[in-house]
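> Here it is, the structure in full.
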Amino acid sequence: MSVGLEIENPLNGTGQPVADQNGTVSPLVLGTDSVGVRGGGTAAPVEIARDVTLEYNGSPRLVLHSRGNGTQRFSIRATNDRDDSGGRRLVVRNESQGVDILVFDLEGIFTDKDIKIERSGSPRITLYSRGDGTQRYSMRATNDADPAGGRRFVVRNESAGEDDLILDSAGRLRVRGDIILTGADCAEVFPIDDAEDPEPGTVMVLGDDGRLRGSDRAYDQRVAGVISGAGDYRPGLVLGGGSAADTRLPLALNGRVFCKVDAVVAPVGVGDLLTTSTVAGHAMRATDRDRAFGAVIGKALRPLASGRGLVPILVALQ
C-alpha cells in the first residue's frame, strides 16, 4: 500500500504543518538543496518503518541540525572524495566547525578525538578474527571485584573464556602466560653520587651514604654492578623509581650487559671471572681467587687480549 502526501501551500524555510495518522503535527521543510522534517517543542519524533535511501551524483548526505542556545549541524555522508588515507566511504562531520569527526575508509577508522565507550556495567570492545578458526578477544573496563581488588582493565580471550591480562586498581598486573622482554639484563634504578657522571658500562660500587660511585680500586667488595645500556644491550626490566631531585641510573644486577674491561694487567678470556680494577670504572680478570671472594662482578662472554674496551659480560655478583 502506498500513501501519497499532498500539501496545499508552497514549502519554504519556515515549514508546512503536516499531520500523521494520529494527528501529530510536525513541520515539513523544503529548501533549495535539502528536504527534511523539523520537530520542536513536544512534537513526536518522526518514525520511518522502511529503509531510507539518499542517492545522487556526488556525496549523499544526511544532516542533523540542532537549534538551541546555539546552532549545531552534523552530517553523515557517503563520499568518494580521496585524501592521503585513500578513498573515503563514510564521514561523520561537524558542519558548524567544518571538521570531520570520524572517517571510515578502505584502510580503517580515523579520528583525531578521544573515543569513549560508557555504560553501566562493563563497557567492552570486542575484536573478532576469522581465519582458519575463529578467535574473539575483548578489552573492557570493569568494576567487578575479585580477591586482588577491584578490576579496572581486562584483556580477555573470549573464545577460551579466560582473562589473559588484568590491570587492577592497585596498579598490579596479572598475566596468564609468559612475559617476553626484548632487553638483555635486569636492572634497578639507584641514586648516583652528585660528583659522579658515569656512562653506560661503568663498574659501580656502594658509597657510605648508599649512593653509587665509580669503582677505583682492585677487588672491591663494595661492587654493586654495571651501569646498563652500553653497546647493543638495553635493560629488559628496570626496577625502582625515585625522587627527581636525585641523579638515578639503571644498574644491571643480572643478565647480559656491556662492561668496561681492562686487559692491561692480564688478558681476559671467555668465562673468566671479573672483579674491579684500579682503572676507574673498569673490570679486570680476577687472578687472585682469595681476594676475589665477594668482589666478583660476573663472567666475560667475549675475550679481550689486551688494552681496554667494552666486553659483554654475564652479571653474577658473588
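So for the sequence shown, the UniProt record's numbering puts the first residue at 1; every next one is plus one.
No residue lacks a Cβ here, since even glycine has one placed at the ideal position from N, Cα and C.
1) Roughly how many whole angstroms lie between the Cα atoms of residue 194 and residue 248?
2) For residue 40, does the three-state DSSP call read helix, strand or coil?
3) For residue 222, which three-state DSSP category applies?
4) Look at the Cβ atom of residue 203, then the Cβ atom of residue 281, and state whether they are nearer than 8 Å.
5) Starting from residue 112 and walking both ways along the alpha helix (DSSP H), at which residues does that stretch end?
6) Could you pull the DSSP bridge partners for residue 214 from this structure?
7) By Cβ distance below 7 Å, which residues in the same chain neighbour residue 35 in space, the five residues on each side in sequence not counted?
8) Compute the Euclidean distance between the alpha carbons of residue 185 and residue 157, then round it to the nearest angstrom.
9) Along the beta strand (DSSP E) that carries residue 308, what are the first and last residues, could you check?
10) Whole angstroms are fine: how far does the CA of residue 174 sit from the CA of residue 317?
11) Mind checking residue 229: buried by the 16 CB within 10 Å criterion, or exposed?
12) With a Cβ-Cβ cutoff of 8 Å, do residue 125 and residue 113 count as a contact?
13) Could you check which residue in 196, 159, 294 has the C-alpha nearest to that of residue 213?
14) Drop a sphere of 10 angstroms on the beta-carbon of residue 170, count the other beta-carbons inside from all chains shown, and report buried for 16 or more, exposed for fewer.
15) Using the three-state DSSP reduction, which class does residue 163 fall into: helix, strand or coil?
16) I'd like to check one pair, residue 265 with residue 284: are the Cβ atoms closer than 8 Å?
17) Give me the residue from 79, 200, 116, 221 with the minimum Cα distance to residue 207.
18) Exposed or buried, what is residue 227 when buried is set at 16 or more other beta-carbons lying within 10 Å of its beta-carbon?
19) Measuring CB to CB, does residue 181 end up less than 8 Å from residue 231?
20) For residue 188, which residues does DSSP report across the bridge?
21) List the endpoints of the continuous beta strand (DSSP E) containing residue 174.
22) Per DSSP, what are the beta-bridge partners of residue 298 in this structure?
23) Just curious, the beta strand (DSSP E) that residue 193 is in, first and last residue?
24) Would you mind working out which of 236, 136, 191, 118 sits nearest residue 161, comparing C-alpha positions?
25) How many Å lie between residue 209 and residue 295 at the Cα?
Looking at the atomic coordinates:
1) Working through the sequence shown from its first residue, we reach residue 194 at position 194. Working through the sequence shown from its first residue, we reach residue 248 at position 248. In this structure, the straight-line span from the alpha carbon of residue 194 to that of residue 248 is close to 10 Å.
2) As a first step, residue 40 is located in the sequence shown; it is residue number 40 there, counting from the start. Because the pLDDT of residue 40 is 47, which lies under 50, any placement of that residue in the model is unreliable, and the number read from its coordinates should be weighed accordingly. It is coil, neither helix nor strand.
3) Counting from 1 along the sequence shown, the entry for residue 222 is found at position 222. In this structure, residue 222 counts as coil in the three-state DSSP scheme.
4) Here residue 203 refers to the residue found at position 203 when the sequence shown is read from its first residue. Here residue 281 refers to the residue found at position 281 when the sequence shown is read from its first residue. A contact, by the Cβ cut-off of 8 Å.
5) For the purposes of this step, residue 112 is taken as residue 112 along the sequence shown, with counting starting at 1. Careful: residue 112 lies outside any alpha helix (DSSP H) and carries neither H nor E.
6) Position 214 of the sequence shown, counting from 1, holds the residue named residue 214. Per DSSP, 204.
7) Within the sequence shown, numbered from 1, the residue matching residue 35 stands at position 35. Low confidence applies here, because residue 35 scores a pLDDT of 47, under 50, leaving its location unreliable and the question unanswered by this model.
8) In the sequence shown, residue 185 corresponds to position 185, counting from 1. In the sequence shown, residue 157 corresponds to position 157, counting from 1. For residue 185 and residue 157, the distance between alpha carbons rounds to 31 Å.
9) For this step, residue 308 is matched to residue 308 along the sequence shown. Element bounds for residue 308: 308-316.
10) Taking the sequence shown and counting its residues from 1, the one referred to as residue 317 is at position 317. Taking the sequence shown and counting its residues from 1, the one referred to as residue 174 is at position 174. Near 30 Å, if we compare the C-alpha coordinates of residue 174 and residue 317.
11) Numbered from its first residue, the sequence shown carries residue 229 at position 229. Residue 229 should be labelled buried.
12) The sequence position of residue 125 within the sequence shown is 125, counting from 1. The sequence position of residue 113 within the sequence shown is 113, counting from 1. Taking the C-beta atoms as reference points, residue 113 is found no nearer than 8 Å to residue 125.
13) Taking the first residue of the sequence shown as 1, we reach residue 213 at position 213. For residue 213, the nearest C-alpha among the options comes from 196.
14) Looking up residue 170 in the sequence shown gives position 170. That one is exposed.
15) Position 163 of the sequence shown, counted from the start, is the residue given in the question as residue 163. In the structure shown, residue 163 sits in a strand (DSSP, three-state: E or B).
16) Counting from 1 along the sequence shown, the entry for residue 284 is found at position 284. Counting from 1 along the sequence shown, the entry for residue 265 is found at position 265. For the pair residue 284 and residue 265, the CB atoms are nearer than the 8 Å cut-off.
17) On the sequence shown, position 207 is the one that residue 207 refers to. When C-alpha distances from residue 207 are compared across 79, 200, 116, 221, the shortest belongs to 221.
18) Locating residue 227 in the sequence shown gives position 227, where the first residue counts as 1. Flag for residue 227 reads buried.
19) Mapped onto the sequence shown, residue 181 falls at position 181. Mapped onto the sequence shown, residue 231 falls at position 231. Taking a C-beta distance under 8 Å as the contact criterion, residue 181 and residue 231 do not qualify as a contact pair.
20) Residue numbering aside, residue 188 sits at position 188 when the sequence shown is read from its first letter. Looking at the DSSP assignment, residue 188 forms a beta bridge with 239, 251.
21) Within the sequence shown, the letter at position 174 stands for residue 174. Unbroken beta strand (DSSP E) run through residue 174: 173-175.
22) As a working mapping, residue 298 is identified with position 298 in the sequence shown. Residue 298 pairs with 274, 315.
23) Along the sequence shown, one-based indexing puts residue 193 at 193. No beta strand (DSSP E) contains residue 193, which DSSP labels as neither H nor E.
24) By one-based count along the sequence shown, residue 161 stands at place 161. Comparing Cα positions, the closest option is 136.
25) The residue labelled residue 209 in the question sits at position 209 within the sequence shown. The residue labelled residue 295 in the question sits at position 295 within the sequence shown. Approximately 20 Å, taken between the alpha carbons.
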